[in-house]
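K.L.:
Okay, handing you the structure first.
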Amino acid sequence: MTGRATPDLTARVRARYRTLHQYHEISGVGEITRRYFAMNGFDGVLTTLGVLAGAYLGGVDQARAVVVLVVTTAVAMGVSGAYGSYMVESAERGRALRELEESTLTSLADTTIGEASRYASVVVSAVTGGAPFLAGIVAVIPFLLTAFWPVDTAYYLAVAVAFAELFLLGAFLGRVSKERIWGYALRLVAGGVIALGLSLALGKGIG
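Residue numbers for the sequence shown follow the numbering used here, beginning at -8 and rising by one.
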C-alpha cells in the first residue's frame, strides 16, 4: 500500500506542477513578478535603511528594539504591497476576462483562462508583499547575533547587508535587461546612499 501511495503522490505533484506552469505561461505573470520583485524589494531596503538611521540617531541601543522596529515596518510594507497588488491585479484581470467573455459570449470563470487569471493575482500579490518583507528581515539579521558583537557593530553590519541587497537587486535587473550588471548594481547602491544620507541629515537636523 505504501509503495503505491508514493507514486500516486508523485504523480499528483507533477500534475499540479504542470497545471501551475500552464497558468504561469497563459497569464504572462513572469514579467510582472520580476518587475514588482525588484521595485518592492528596493522600496523595502530603502525603508529599512531609514528605520535603521532613525533608530541609530534616536539612541536605540537594544537589539530587540531595533528588530521590533524593522520587523513591524517590514510586516506593514508586506501587507500593504500584497493586499494592494492583489486588489489592483484582480481588478485589471477581471476586467480583461469580462471583455473576453463579452466578445466570445461565453463564461470563462471555470476555464483554464479564468483559473490562470486568479493564479496570477495570487502570485503577484505574494511576490509584491514578500519582497519588502524579506528585504527588512534579511537586513536585521545582525541584530539577532549581538551575542557575538555589540549593538553599534550590528548597526554597521545591518547597513552593509542592506547595501549588499541593493547590489544584488541591481545585478538582477542588469541580468533581466541583458545590459551591464555593474551599472544597474551601482545605480541601486547609489539610491541607497542617497536615502541613507538624507535620513541621517534629516535626523540630525531634527535632533
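Even for Gly, the Cβ is constructed at its ideal location relative to N, Cα and C.
Comparing alpha-carbon positions, which option in Leu135, Ala162, Ala181 and Thr64 lies nearest Gln53?
P.N.:
Cα-wise, what sits closest to Gln53 is Leu135.
K.L.:
Can the beta-carbon of Ser18 be found less than 8 Å from the beta-carbon of Ala107?
P.N.:
Yes; because the gap between Cβ atoms is below 8 Å, this pair is in contact.
K.L.:
Would you kindly check if the distance between the Cβ of Val62 and the Cβ of Gly127 is under 8 Å?
P.N.:
Cβ distance < 8 Å, so Gly127 and Val62 count as in contact.
K.L.:
Closer than 6 Å by C-beta to Ala186: which residues in its own chain qualify, once you throw out the five before and the five after it? Chain order, please.
P.N.:
These residues qualify, in order along the chain: Leu37 and Leu40.
K.L.:
Is there contact between the stretch 61 to 77 and the stretch 86 to 96, where contact requires at least three CB pairs shorter than 8 Å?
P.N.:
No: the two stretches stay apart, fewer than three of their Cβ pairs being nearer than 8 Å.
K.L.:
Pull up the distance between the alpha-carbon of Ala149 and that of Gly121, whole angstroms please.
P.N.:
Cα-Cα distance, rounded: 19 Å.
K.L.:
Whole angstroms is fine: what's the gap from Val118's alpha carbon to Val20's?
P.N.:
Looking at the two C-alpha atoms, the distance is approximately 11 Å.
K.L.:
Ignoring anything shorter than 4 residues, give me the alpha helix (DSSP H) runs that lie fully in the stretch 8 to 72, in order along the chain.
P.N.:
Counting only runs of 4 or more, we get 20 to 48.
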